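Read the structure below first, then the notes.
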Amino acid sequence: MTFPSDNSRDAGQRDERAAGPDRPFTGLLGTLSDAAWQMLLIAGLVAIVLGLLVLVWPAATLAVVGALFGVYLLISGIFQLVAAFGAHIPGSMRVLSFVSGAVSVFLGLICFRGPAQSILLLALWIGFAWLLRGVMHTVMAVQDTGIPARGWQIFLGVITALAGIVLIVSPFGSIAALTLVTGVWLLVLGIIEVIHGIQLRAGLGGHAPRKAHHGFRFRHQPHPQA
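Going by the numbering used here, the sequence shown opens with residue 536, and the numbers climb by one from there.
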């Protein structure tokens, strides 16, 4: 019959003291929980700053977003052009990939001519995407009689298609309104994440995670000749 050593009893007592009511998590879980509230707080503050920047300088925000959209089109077009000459691409898809890549490169270069062109292309891109998605969603909901919340699905598809039409017909005014909505959404999301981070920090008891002690613990013993 074996008995636990003094080192194992001391380690167990340390774990019980560390995992008390004021410190619900220890070790790896404590480190992860502490990092979680910090990441929530940082993400919330970043979202708040971005939301304020969008609301204070919507024109500058649109210009930056338009430039990034131009970079995306340019890079995407180059990749499609390179893929068009791949050996694994069939003949029909090769032509389609080449045409799509060339159009993307052309539109990306147009975006760099000025903020107006990039904003216009961005609005049209989003508008056509919403229109196509709304039509497909509505048709799918109408044909599938067993889909849950079928009425709401049809309503959502129609609204999405109408929003796409509005963006196509009035791109500049619609994209400006969409920018303001995005700024408000970022601001609200950031405030919610900051509150969640503070609540998580309070739930951890306000203590930083303790580092785990590794290695052997040597106890001092008197010399046998002393």
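No residue lacks a Cβ here, since even glycine has one placed at the ideal position from N, Cα and C.
Only a predicted model underlies this, so the values are computations on that prediction, with no experimental measurement involved.
Secondary structure at T680: coil, using DSSP grouped into helix, strand and coil.
The DSSP assignment places no complete alpha helix (DSSP H) segment of no fewer than 4 residues inside the stretch 594–622.
Using a Cβ distance threshold of 8 Å, L721 and V600 do not count as a contacting pair.
Per DSSP, R685 is one residue of the alpha helix (DSSP H) stretching across 685–704. Between G636 and A619, the C-beta spacing is below 8 Å. Around T714, the same chain offers V589, P593, T596, L597 as residues with beta carbons nearer than 7 Å, after the five sequence neighbours per side are excluded. When Cβ pairs closer than 8 Å are counted between the two stretches, the stretch 727–738 is seen not to touch the stretch 688–698, the count staying below three.
Judged by beta-carbon spacing, L666 lies beyond the 8 Å limit of I727, meaning their Cβ atoms are not closer than that value. With respect to the 8 Å criterion, I654 and I710 are classified as neighbours on the basis of their beta carbons.
The three-state reading of DSSP puts G738 in helix, counting H, G and I together.
Here the alpha carbon of R685 sits roughly 20 Å from the alpha carbon of A698. With respect to the C-alpha of L659, the residue from L587, G708, Q678 having the closest C-alpha is G708.
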